[in-house]
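Written out below as structure tokens is the structure these notes cover.
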Amino acid sequence: MRVSEASSELLLKATNIHKSYYHPLPVNLLQGINLEVGAGESAAIVGRSGEGKSTLLQILGTLEEPCKGSLVIANHSVESANKSHIRNQLIGFVFQSFHLLEDYSALENVLMPAKIARQKVGKELIEHGLHLLEQVGLADRAHFSTKLLSGGEKQRVALARALCNNPKIIFADEPSGNLDGHTAELIHQLLLQFVTDGKALVLVTHDWNLARLCTNQYELKNGTLVAATLEKLLN
Amino acid sequence: MFEFSVACKYLIPRRRQLSVSIISLISILVISLVVWLIVVFFSVTDGLEKNWVQKLTALTAPLRITPTQAYYNSYYYQIDSISDSSDYSFKTIQEKQDNEATDPYDQEYDQETPSFWPEADLDTQGHLKDLVQLVYASIEDIKGVKGLKARSFELTASHITIHLQRKTTVLHPANFYGTSTQSTLSYPAYLGNFVNDNPHLKQTLLPIRIEDLNNQLNSLEWANDPLHQEQEQSRKILSPTLIRQRLQNFFNAVKITQLKTRSFGWNIPVDFLPEEASWKACALFKDQTIIRLVIPLEAKEALNLAEYFNNQNLTVSQGWITIKNGQLFWSDSNHSLVVITPKTPLTLLADQGFAAELIEESLQSANRIEDIRFHLQIPIQKTSIQGIASYRGLEIADFQLLTGFAHSWVYQSEGHYILPQNQYQGEGILLPKSFKEAGVLIGDLGSLVYYSPTATIIQEQFIPVYAAGFYDPGIIPIGGKFILANQNVVSLIRSSHQQDDKAASSNGINVRFENLDQADEVKKSLIEAFKSKGISRYWDVQTYREYDFTKEIMQELQSQKYLFMLIAIVIILVACSNIISMLIILVNDKKHEIGILRAMGATSKSISLIFGLAGAAIGIFGSALGISLAIFTLYHLDTLVTLLSFMQGHEMFSSNLYGNALPSELSYEALLFVLLSTLLISLLAGIVPAVKACLVRPSTTLRSSGS
């Protein structure tokens, strides 16, 4: 399903995604999801909890296998052989509970994707990391252990980390769920700023205020994805 | 490397992951303990084996060439028995080597060769192949083997009898005196020929001791007559001229620096006594009269001395001898200043040496050994006495061996060892250590017995011999019975046996070289050379591992090594299973982080590698710790052995089997084995957790809220 008329480059194309669970009883969580997100677009997926928003995001982000359906990310058809490469080079994740590596400093966290990509840890890379932290306003916290950071700071570090390898799409799962209003706004701004750069954002939220900021809004209901009604958007 | 940096991060102990830290610490400790044990054990056993092999090959050789039956049947060997120029007798390998003519047979003089004899083995020019010379030529052709030398050996069986003539003490207050006893040792023995240029001999020869020297000196008076050796009364004393000559030779080679008194004491000559002195002493009484005064060298010994005499049921009293103006007095608790008559003997008991110097002139006039004289200087209880006295009642306490003179025991001269022989004592023989332990001393006389068949009877023959040295045969099963004698003795006895009686005698060529590891290489090139010369069927080539008398022990050593290696591997496995459990706990602990890393694009291979590396790091660190501990232990092995012996209450390692000190050289083979096996096993141990780690689903771990 594609609502946007923009003829920009297609960065995410999910076709007929199905996902079912069988324990203890069969649950057909996702039933034929189609989604296309182009460059410069941001897609918000809204839904009640338990609808399978996070599962969908994880499938789109290659973290979980769909039972059926295909996925193309930035012209790469997702297969098990290239998943790691796609995760490392083409996409970035921002999670509700941040998921930072605890034994590392903020800067080390930010540079981890580059290290995984086996980039040489040198002056250049460190500067790149510091620049990313500066973008999220945390230049002075670079060498802090992540344990010492506040929730908002942690999420900003997570965002900087997601940007490390200059990905095409960012997947965000309730990025401001654990944050207070002011901090949440800051995160939203940073996320949307990313999209203006010719990238794409897919975010999962139950917060219509956040969804409204995105270019496209979808509602996950009974295992299918529908474009959000104007009524929902205005309310 | 990203994986390595993460693995390191995981292994650094943190309070939050206390259980993992403790288990990894235990893993490291266990592995280092196991590595320590293995390295120390293997190093010591390796060293022991090396020592044993060295001793084993010291008197034989690392390689041996022996004639086969084909050799004994050959025309080359048999022809001597019908040739006049060979005295119609078979020849040993040595004789064959020394002989210039290959074929002694002369058709004009010698009888016809029997028709059933094998054909002569001829070379391409039609000459008889010289089987022995060809072997030596083949050995000479081998290149690149250091210290390569070939010598023929002869081995035969004989019977040795040794008479042990020993002085004993009889104590009687009126008359201390030495008497002698004689016992006889008699053993069947193997006899091998002494090779004077064997470079390994030095390691096995035992040094001459003071008691050996004393015995050798005492035996100078006697002639070795095997037929009259049984009773002391019938022993034959040499003429004074001969004794003088032999004493002169003895003292040419030995400089005596200290003497001590024999166990029955030495009567101080009157002219030794000073004008003034006061000595603590014991007086021996008979019917209330002092009949002997015994003076110890040290005042504090007087009490022990009194007790000793008491135990001998002698009437004794402890007190003081005082000399005033040359007059002797005795005082003790019952008497004070009793005058001692000049006839009362003053006996000195000194088990420690005092300075002595030979009066050279006394050798010219001595009729017996007791006649030689020494200038003595004896510090008795702080008062020194001195003078010239005869050797009677004294014995050697310390000496120096002078080089450049012939000794009457095994000695080295110009790089060669010499096993001496003389017409009075007979042939010198080198005895294994077991004889020394049985009480044999250098200079003891005896005989080798063999049987010589004549036309009518089998005659018993004796070769007079004397103990001229001892060697340590190591742990060869027959080592305790293997006697070395000069070539002519062995040849003589061997020729009395049937030539093909393999049990009683053997003959062959010993090939010596420095590096034992080259044995197989030398064997291979010899076999090839023999093949090309067409003589391989006449000769057997064996390395030291294949000798009849070593095979079992070498295999035993080998299988013990394998057995321990097996045990070692099991222990390492157990130690490494610790790593497995530690890593599994680590994986469980780090599930969340694994999920994050996977989400950031880490491949499952990377994740596996992280845990594999963590396992290997523990293995390597543990091994390194263990090896350093092992090196430290080997460096201080003596202390450890002393401690263990102390705890055990007796000697931990018998010096008979293990030598005087355990070898403490680090075995590089053991090191390599341990390093490889711990590395391999700890990597293998990493596999289970690594598989577990890459099965972690990022979606599951990331959905549950993390930090």
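Protein chains in written order, with numbering that gives the first Met the number 0: chain E, 0 to 234; chain F, 0 to 706. Beta carbons are placed, not taken as given, at the ideal position from N, Cα and C, and that holds for glycine.
Check	Outcome
Below 8 Å between beta carbons: does that hold for residue 447 of chain F and residue 439 of chain F?	no
Counting only Cβ pairs nearer than 9 Å, list the residues of chain F close to residue 84 of chain E.	600, 602
On a CA-only basis, which of F:677, F:345, F:240 is nearest residue 290 of chain F? Give me that one, please.	F:345
Note down, one range per segment and in chain order, each beta strand (DSSP E) of at least 3 residues found wholly within the region 287-341 of chain F.	288-295, 314-323, 326-331
Suppose you measure from the CA of residue 242 of chain F to the CA of residue 261 of chain F; what does that come to, to the nearest Å?	22 Å
8 Å is my cut-off, CB to CB: does residue 171 of chain E come that close to chain F?	no
Let me confirm a value: residue 1 of chain F is counted as buried when at least 16 other C-beta atoms fall within 10 Å, else exposed. Which label applies?	buried
So, is the C-beta of residue 140 of chain E closer than 8 Å to a C-beta in chain F?	no
Which one or two residues does DSSP pair with residue 245 of chain F in a beta bridge?	For residue 245 of chain F, which the question treats as bridged, DSSP gives no partner whatsoever.
Closest to residue 725 of chain F by CA distance: which of F:324, F:607, F:687, F:514 is it?	It is not possible to answer for residue 725 of chain F, since the shown part of chain F is limited to 0 through 706.
Ends of the alpha helix (DSSP H) at residue 6 of chain F?	1-10
Step through the CB atoms of chain F and report whether any lies within less than 8 Å of the CB of residue 206 of chain E.	no
From the DSSP output, read off the bridge partner residues of residue 373 of chain F.	F:357, F:388
If you follow the alpha helix (DSSP H) that residue 144 of chain F is in, where does it begin and where does it stop?	Counting along the chain, residue 144 of chain F falls outside any alpha helix (DSSP H), and DSSP gives it neither H nor E.
State whether the region 40-47 of chain E contacts the region 69-78 of chain E, with contact taken as three or more CB pairs (one from each stretch) at a distance under 8 Å.	no
Consider the Cβ of residue 102 of chain E: report whether some Cβ of chain F lies at a distance smaller than 8 Å.	yes
When we look at the beta-carbon of residue 462 of chain F and count the other beta-carbons within 10 Å, is it buried (16 or more) or exposed?	buried
Taking the alpha helix (DSSP H) that residue 485 of chain F falls in, what are its first and last residues?	Here residue 485 of chain F belongs to no alpha helix (DSSP H), and DSSP marks it neither H nor E.
Between residue 595 of chain F and chain E, is the shortest Cβ-Cβ distance under 8 Å, so that the two count as touching?	yes
Less than 7 Å between C-beta atoms, sequence neighbours within five positions excluded: which residues of the same chain meet that for residue 56 of chain F?	199, 515, 543
Between residue 301 of chain F and the rest of its own chain, which residues show a CB-CB distance below 7 Å, the 5 nearest in sequence each way excluded?	279, 280, 281, 295, 317
For the candidate residues F:368, F:385, F:380, F:364, whose alpha-carbon lies nearest to that of residue 374 of chain F?	F:385
With residue 30 of chain E as the anchor, note down where its beta strand (DSSP E) starts and where it stops.	26-37
Measuring only between beta-carbons, confirm whether residue 706 of chain F sits less than 8 Å from chain E.	At residue 706 of chain F the pLDDT is 37, less than 50, meaning the model places this residue with poor confidence; the figure from the coordinates comes in the next sentence. At least one chain E Cβ lies under 8 Å of residue 706 of chain F.
Quick check on residue 401 of chain F: buried or exposed, where buried means 16 or more other Cβ atoms within 10 Å of its Cβ?	exposed
Does the region 162-175 of chain E come close enough to the region 199-218 of chain E that 3 or more CB-CB pairs lie under 8 Å?	yes
According to DSSP, which residues form a beta bridge with residue 67 of chain E?	E:17
Please list the partners that residue 235 of chain E has in chain F, where partner means a Cβ-to-Cβ separation under 7 Å.	Limits of chain E in this structure are 0 at one end and 234 at the other, which puts residue 235 of chain E out of reach.
Which partner residues does residue 707 of chain F have in the DSSP bridge list?	As displayed, chain F neither begins before 0 nor continues past 706, which places residue 707 of chain F out of reach and without an answer.
From the DSSP output, which residues share a beta bridge with residue 539 of chain F?	F:65
Examine chain E for any beta-carbon lying closer than 8 Å to the beta-carbon of residue 580 of chain F, and answer yes or no.	no
Would you list, in chain order, the members of the region 107-118 of chain E that have their beta-carbon closer than 8 Å to a beta-carbon of chain F?	111, 112, 114, 115, 116, 117
In chain F, which residues lie less than 8 Å from residue 88 of chain E when you measure between Cβ atoms?	600
Given a limit of 7 Å on CB to CB distance, which residues of the region 37-67 of chain E reach chain F?	53, 57, 62, 63
Where residue 3 of chain F and residue 28 of chain F are concerned, what is the direct C-alpha to C-alpha distance, given to the nearest angstrom?	22 Å
So which residues of chain E does residue 697 of chain F contact, with C-beta pairs closer than 7 Å?	62
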